[in-house]
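Residue numbers (this note's numbering): 171 to 220.
Next comes the structure, spelled out in structure tokens:
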């Protein structure tokens, strides 16, 4: 977020148009996939720990 603000300010100062692309980190499908990865890691960690 902070880098976006700094980049936007730099672009404006240079007279450039600045557009931020949409990021996948708030998309429900991305969150579900990330949750599956984390849950799978937890199961493997418990099995490995004994």
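Every residue gets a Cβ at the ideal spot worked out from N, C-alpha and C, and that includes glycine.
Remember, predicted model here, so these are calculated numbers, not experimental data.
Helix, strand or coil at residue 183 [DSSP, three-state]: helix
What number of angstroms, rounded off, separates the C-alpha of residue 194 from the C-alpha of residue 181? 23 Å
Is it true that the CB of residue 177 sits closer than 8 Å to the CB of residue 188? yes
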